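Quick notes on the structure that follows.
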Amino acid sequence: MPALRELQRALGRALLAEAVTGAPAELAPAELALPSQLLAIYRNTCLGALTGALALSFPAVRRLVGSGFFETAAQEFIRTHPPTSACLNDYGQQFAAFLAQFPQAAQLTYLADVARLEWAVNRALHAPDVPGLQVQLLAGLHAAVVASLRFVPHPAVSVLRLDTPADAIWHAVLDQDQAAIAALDPAAGPVWLLIERCAGSVQVRRLTPAAWQFTQRLCAGEPLQAALSEAACANHAGEELNAVLNALLADHLASARFTGWIGEGTS
Amino acid sequence: MLDSSDSQGQAGSISAAAGIGLRFPHHEQVLQTRPDVPWFEVHAENYFGGGAVRRTLEAVRRDYPLSLHGVGLSLGSAEGLDLSHLQRLAELTQAIEPGLVSEHLSWSVTGGHYLADLLPLPMTEEALEVVCRHVQQTQERLKRPILLENPSSYLQFEHSSIPEWEFLGAVARRTGCGILCDLNNIFVSASNHGWDPLTYLDALAAQAIGEYHLAGHSVCTLEDARVLRIDNHGSPVSPEVWALYEQALERFGPRPTLIEWDTDIPAFEVLLDQAAQAAERLRASRGDCPHARAA
Chain S
13 MPALRELQRA LGRALLAEAV TGAPAELAPA ELALPSQLLA IYRNTCLGAL
63 TGALALSFPA VRRLVGSGFF ETAAQEFIRT HPPTSACLND YGQQFAAFLA
113 QFPQAAQLTY LADVARLEWA VNRALHAPDV PGLQVQLLAG LHAAVVASLR
163 FVPHPAVSVL RLDTPADAIW HAVLDQDQAA IAALDPAAGP VWLLIERCAG
213 SVQVRRLTPA AWQFTQRLCA GEPLQAALSE AACANHAGEE LNAVLNALLA
263 DHLASARFTG WIGEGTS
Chain G
74 MLDSSDSQGQ AGSISAAAGI GLRFPHHEQV LQTRPDVPWF EVHAENYFGG
124 GAVRRTLEAV RRDYPLSLHG VGLSLGSAEG LDLSHLQRLA ELTQAIEPGL
174 VSEHLSWSVT GGHYLADLLP LPMTEEALEV VCRHVQQTQE RLKRPILLEN
224 PSSYLQFEHS SIPEWEFLGA VARRTGCGIL CDLNNIFVSA SNHGWDPLTY
274 LDALAAQAIG EYHLAGHSVC TLEDARVLRI DNHGSPVSPE VWALYEQALE
324 RFGPRPTLIE WDTDIPAFEV LLDQAAQAAE RLRASRGDCP HARAA
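These protein sequence lines are chains S and G, in that order. Per the numbering used here, the first sequence runs over residues 13 to 279. Per the numbering used here, the second sequence runs over residues 74 to 368.
Structure below.
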């Protein structure tokens, strides 16, 4: 009699195999005559549910490649990257990287970028609700302390730099806007994006390179002063940009893009 | 044992009435029209995150009792429960205060991978111990009893030594959990494996039954001409399953009853009609059943 753990491992392998080739020997004799057909039912349910979950999270990718191609790519992805959580809203983090390496999609240079954007949109939709940091707590801190703070980004916030104008492609494809699709130029990149949840709906915004670099460094947990000076330095700008970035920081704080900070008086 | 009557009268409790499985295509309609439905059931995992989806659930909960139905805890996994999954279920349970919480007698996780289906367990002493341990662990974490749903299955294991109905009853006795008696699943499995569905019902203890599920299934023919029933929740409740529901009502009395529809989801009115048919049978059973309570 097989131990339960081994039986489950064997069935798991059979469900995620490239094709149903046979059944584990532990099935009842009546079933052994038809192992592949019975296993195929479970396999179809498993692959169908996971393909459906990916289709929900990556609707523009699916429209771009068509449902047949999407299913092929999704099933290959499912077999090589099965979900590690039963919460399917969390499934698909590596799909963009997978598509970037998927030989059949090599010609679609923008496809992986659209998938990166859709994953960020998915995070913005489903990330847990976390209150933003209380700005008034910052007011009590010494300026030198504020300069050294490392902010914790809200889980719904993403910053993406994409080589292709994936945001324009994403909008046009989901809106099925034929004029906009015709006007798309996949070479018209790169774009610097901020993706977040505002009042329950997802917003995708383009930032200037300097604003994006500053925001990206803050979200990566760099100290405030370091993020400010490096963004300014990279953009060869002085006081004027500094004022813009400080205004942007105020907007980040007011928009609850950070949930706390690490540093003195950790929030 | 969890008796449906225990929670009568408490806020959010679910009466022995016919509720509907709430799915995304109907969210907007339910929020806009607040239909006359006694309670809704939702799949817990769909609400583990925040944002607009969670706001919808909270809005529905303000007006209706809710049942949280888990599909991913994998109580039958030999490798133990995913504690972060259990934690998220506990947080949702605490936030939503559902009238009922349920899961399945099945497994979905092996080697750290979620297989996105309710897979059949071998009915062995080892599996019984695994399931009992995990039901207890879940109930301790949630600080409340859960209902365990009988599965539908297409294959059995040669080394199974316990009939499924005895296995289910043993889990209920050992852990104090209730039973979510899915009549479509009983009919589907009985048909696929050559069991007598009434033998199944006769083996269950009335006081353990906390809820009924009703759904449609499909029928396919295998290469050897054998007919296989597939539990796809994509059609109206079949006449045979309605008849089995009546048998269950006769044996166990009225309980909260759910209409489930998950593939090719129809207009909400179709679900209302199915629920009305269940409600009619609940009413009739109250007239017949000496232990009936007013809903």
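Beta carbons are placed, not taken as given, at the ideal position from N, Cα and C, and that holds for glycine. Treat the numbers as computed from the prediction; the structure is a model and nothing was measured.
Q. Under the DSSP definition of a beta bridge, which residues are partnered with V256(S)?
A. Answer is none; V256(S) lacks a bridge partner.
Q: Please list, in chain order, all residues of the same chain as S233(G) whose beta carbon is under 8 Å from its beta carbon, the five residues on each side excluded.
A: P195, M196, T197
(Q) Taking the straight line between their C-alpha atoms, what separation do you get for L253(S) and A244(S)? (A) 7 Å
Q) In the DSSP assignment, what are the bridge partners of P165(S)? A) F270(S)
**Q.** Proximal chain A residues relative to A61(S), where beta-carbon distance stays under 8 Å
**A.** Given the protein chain composition of this structure (S and G), no chain A is represented.
Q: Identify whether A45(S) lies in helix, strand or coil by the three-state DSSP scheme.
A: Residue confidence for A45(S) is low, a pLDDT of 48 falling below 50, so the modelled location carries little weight and cannot support an answer.
Q.
Please list, in chain order, the chain S residues whose beta carbon lies closer than 7 Å to that of E353(G).
A. None at all; the shortest Cβ gap to chain S is about 32 Å.
Q: Determine, using beta-carbon pairs with one atom in the segment 130-142 of chain S and one in the segment 119-131 of chain G, whether at least three such pairs fall under 8 Å.
A: yes
Q | Nearest candidate by alpha-carbon position, reference L145(S), set W273(S), L16(S), A15(S) | A | W273(S)
Q: Please decide whether V133(G) counts as near chain S, where near means a Cβ-Cβ distance under 8 Å.
A: no
Q | Close-in-space but distant-in-sequence residues of the same chain around D117(G) (CB under 7 Å, 5 per side omitted) | A | The identity of residue 117(G) in the sequence shown is Ala, whereas the question assumes Asp. For A117(G), where only same-chain residues beyond five positions count, the Cβ hits under 7 Å are L141, H142, G143, L162, L165.
Q. Are the beta-carbon atoms of P327(G) and S358(G) separated by less than 8 Å?
A. yes
Q: Report the residue from A90(G), R135(G), A91(G) whose alpha carbon sits nearest the alpha carbon of R107(G).
A: R135(G)
Q: Would you tell me roughly how many angstroms separate the C-alpha atoms of L150(S) and H183(S), rounded to the nearest one?
A: 37 Å
Q.
Using a Cβ-Cβ cutoff of 8 Å, what residues of the segment 285-304 of chain G are near chain S? List them in chain order.
A. L295, E296, D297, R299, L301, I303
Q. N265(G): buried (16+ other C-beta within 10 angstroms of its C-beta) or exposed?
A. buried
Q) Can you name, in chain order, every residue of its own chain whose Cβ lies under 6 Å from the Cβ of F82(S), other than the five neighbours on each side? A) R74
**Q.** Sub-8 Å separation of R371(G) and A279(G) beta-carbons
**A.** With chain G represented from 74 up to 368, any question about residue 371(G) goes unanswered, as that position is not in the structure.
Q.
Looking at chain S, is there any beta carbon in it that lies within less than 8 Å of the beta carbon of Y273(G)?
A. no
Q: Starting from the C-beta of A238(S), find all residues in its chain whose C-beta is less than 8 Å away, skip the five residues before and the five after it, and write them out in chain order.
A: R229
(Q) Given this structure, state the Cα-to-Cα distance separating G233(S) from R269(S), to the nearest angstrom. (A) 13 Å
Q) From the beta carbon of W94(S), is the nearest beta carbon of chain G less than 8 Å away? A) According to the sequence provided, residue 94(S) is Pro. The question's Trp does not apply to it. Chain G, which has a Cβ nearer than 8 Å to the Cβ of P94(S), makes this yes.
**Q.** Among S88(G), F240(G), A90(G), G185(G), the one whose alpha carbon lies nearest that of L154(G)
**A.** G185(G)
Q: Could you tell me whether the segment 290-297 of chain G touches the segment 227-245 of chain G, where touching means 3 or more Cβ pairs closer than 8 Å?
A: no
Q | CA-to-CA distance, A52(S) to A275(G), given in whole angstroms | A | Note on identity: in this sequence residue 275(G) is Asp, with Ala being the wrong assignment. Looking at the two C-alpha atoms, the distance is approximately 33 Å.
(Q) Against T84(S), what residues of chain G qualify as contacts under a CB-to-CB distance less than 9 Å, listed in chain order? (A) Those do not exist, as T84(S) stays about 18 Å from chain G at its closest Cβ, beyond 9 Å.
Q.
For K203(G) and T248(G), which I take to be in contact (beta-carbon distance under 8 Å), what is that distance rounded to the nearest angstrom?
A. A quick correction: the sequence has Val, not Lys, at residue 203(G). Incorrect: roughly 12 Å between the Cβ atoms, too far for contact.
Q | Partner residues on chain S for Y227(G), Cβ-Cβ distance less than 8 Å | A | L50, I53, Y54
Q: Would you list, in chain order, the members of the segment 121-154 of chain G that have their beta-carbon closer than 9 Å to a beta-carbon of chain S?
A: F121, G122, G123, G124, A125, V126, R127, R128, G143, V144, G145, L146, S147, G149, S150, A151, E152
Q. Beta-carbon of A45(S) versus every beta-carbon of chain G: anything under 8 Å?
A. Any reading at A45(S) needs caution, since the residue's pLDDT is 48, under 50, leaving its predicted position unreliable; the model's value is listed next. Yes, A45(S) counts as interfacial toward chain G.
Q) Is A168(G) buried or exposed, if buried means 16 or more other CB atoms sit within 10 Å of its CB? A) exposed
Q) In chain S, what lies closer than 8 Å to H158(G) by C-beta? A) S97, A98, C99
(Q) Would N223(G) and D255(G) be called neighbours here (beta carbons separated by less than 8 Å)? (A) yes
**Q.** Proximity test, Cβ basis, 8 Å: P165(S) and chain G
**A.** no
Q: Using a Cβ cut-off of 8 Å, pull out every chain G residue sitting near T57(S), in sequence order please.
A: A189, D190
Q: Note down, in chain order, every chain G residue with its Cβ under 7 Å from the Cβ of R209(S).
A: G124
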